[in-house]
Structure formats: structure tokens, C-alpha cells
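Asker:
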Amino acid sequence: MRPGPVRLRHGTATSGLEPSGSPDRTTGWSPSLRAKAPGMRPGPSRSRARMLPPVEEIEIAIRWRDVDNYGHVNNAVYLTYLEECRDRWVRRTLGEDVGFVIVRVAIDFRRELSLEDGSVTVACSGTGYGRSSIRTAETIRAKAGWLAAESESVIVAHDAGSRTSRPITDRERSALDAAIEADRGSVRASGGSRDRT
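Numbering that gives the first Met the number 0 puts the sequence shown at residues 0 to 196.
As C-alpha cells, then:
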């Protein structure tokens, strides 16, 4: 069976996008991210309640090659699913010509996926940024709706010429502020439900 095309849905909100750990109610950061990123700041005008909706959501067919000898989707494939959605979020938010590299991914596997699940829905939202880095939160859900995995990622703006990090530009900061605010707005519109099933 050939997988269908990846379908992209902008600005849709689903429940369950809450990174691991108990969040700090003033910043919305998990304890692990707060400890590892002391110089970073949360996105603009964080509300008291943690609202991390998906702005980018894609459906990806589970392929035969994604499944390992145990009969479930291999753990490394989850990272590929997350990367596809995160890359689309970056391109939608900042444009096609920006370079970012992944420097951190923390993933919690909640339930195994198999070929019989058919497809997954991957969601990504921006949660904040620093001088050169952006934080995102992501989920992977089975076609049936249950949560398979959730993650927090940090990506860094990359200068291809020097092969080092670079500061986020003022234009990129404005775009990130708007995207992070829109992320929160889509959850408020959907009632802000979250679950950890």
C-alpha cells in the first residue's frame, strides 16, 4: 500500500499539546526546559493558564518501513514525524529561506503505534524564543485520536556561511511574536482542552 500525500492544515486546534513535566505557571516552561535554558524568555504576554495549541498540523501515513521487528513504529521514526511538522511550522512562520538546526528534543512516548493505525496527526506550536533559539511543543496522535507521543524541541538560527548560530532578526522576532500569540488564540477559541491519554 502506497502512503497518501502529507496533508497540511493551518491554524487548527486539537487537545493534548502539553509538554512533559509540571509547567511553571508564570512562564509555561517545564522544569527540565527551565533548568537547561536559563537565559531564554517565554513568548510575549503569557497568560496564567498554560495554553499550547497547535498552529501547524499535518497528517502522515504510517509506512511499512516505519515499523520495526517488534511490530510497532520505531522510536526514531517518531522524530522524523515531529521534524516534518516542525519544519512546516518554521517555514510558515519565518519563510522558506531561513536556516535552523535542532539542538534539543525531549520526547515522551505515551503509546505504541503500528501499521494498522494507518496514519498519525502531528501538531506543532511555538512556545517562546531567546537570542538565537526557538522552543516548540509537539504531539503525535493516532488516527483514532489517542496521544502516542509529546515533545519539546529547541531549534537555533543557523548561519550557513560561518556554520554557527546567529541572533534572531527583528523581522523574525515580530513573526514569532505573532505566531506564538496566534497559537494561544486558537486554544482559547477551542476551549483550551488538554488531555494526556
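Idealized CB from N, CA, C, for every residue including glycine.
1) According to DSSP, what are the bridge partners of THR120?
2) Taking contact to mean at least 3 C-beta pairs separated by less than 8 angstroms, is the stretch 70 to 85 in contact with the stretch 125 to 141?
3) Just tell me which of ALA174, ASP96, ASP182 and CYS123 has its CA closest to the CA of ALA148.
4) In the DSSP assignment, what are the bridge partners of VAL66?
5) Considering only residues of the same chain and omitting the five flanking positions on each side of GLY98, which have a CB-CB separation below 8 angstroms?
6) Near ARG130, what residues of its chain come up, given a Cβ to Cβ distance below 6 angstroms and the 5 sequence neighbours on each side ignored?
7) So is TYR206 buried or exposed if we call it buried at 16+ other beta carbons inside 10 Å?
8) Under a three-way DSSP split, which group does ARG165 fall into?
9) Closest to ILE179 by CA distance: which of ARG103, ARG91, ARG109 and ARG162 is it?
10) Between LEU112 and TRP63, what straight-line distance do the alpha-carbon atoms span, to the nearest angstrom?
11) Measure the C-alpha to C-alpha separation of SER164 and ASP182 and round it to an integer number of angstroms.
12) Can you tell which of ARG172, SER118, TYR128 and VAL153 has the C-alpha that lies nearest to the C-alpha of LEU146?
13) Please go through the same chain and pick out, in chain order, the residues whose beta-carbon is closer than 6 angstroms to the beta-carbon of ASP65, but skip the five residues on each side of it.
14) With a threshold of 16 other CB atoms inside 10 Å of the CB of VAL102, please say whether the residue is buried or exposed.
Answerer: In short, the structure shows the following:
1) Note: THR120 sits in a beta bridge opposite GLU58 and ARG140.
2) Taking 8 angstroms as the limit for Cβ pairs, the verdict is that the stretch 125 to 141 does touch the stretch 70 to 85.
3) Considering only alpha carbons, the answer is CYS123.
4) Among the bridge pairs identified by DSSP, VAL66 is matched with VAL72.
5) Excluding sequence neighbours, GLY98 sits near ALA156, HIS157, ASP158 and ALA159.
6) Excluding residues within five positions, the ones whose Cβ falls inside 6 angstroms are PRO166.
7) In this structure the chain extends from 0 to 196, so residue 206 is not present and cannot be described.
8) Here ARG165 sits in coil by DSSP.
9) Per the Cα distances, ARG91.
10) The alpha-carbon atoms of LEU112 and TRP63 are separated by roughly 12 angstroms.
11) Cα to Cα, the separation comes out at about 26 angstroms.
12) Answer by Cα proximity: SER118.
13) Closer than 6 angstroms at Cβ, skipping near neighbours: VAL72 and VAL76.
14) Under this definition VAL102 is an exposed residue.
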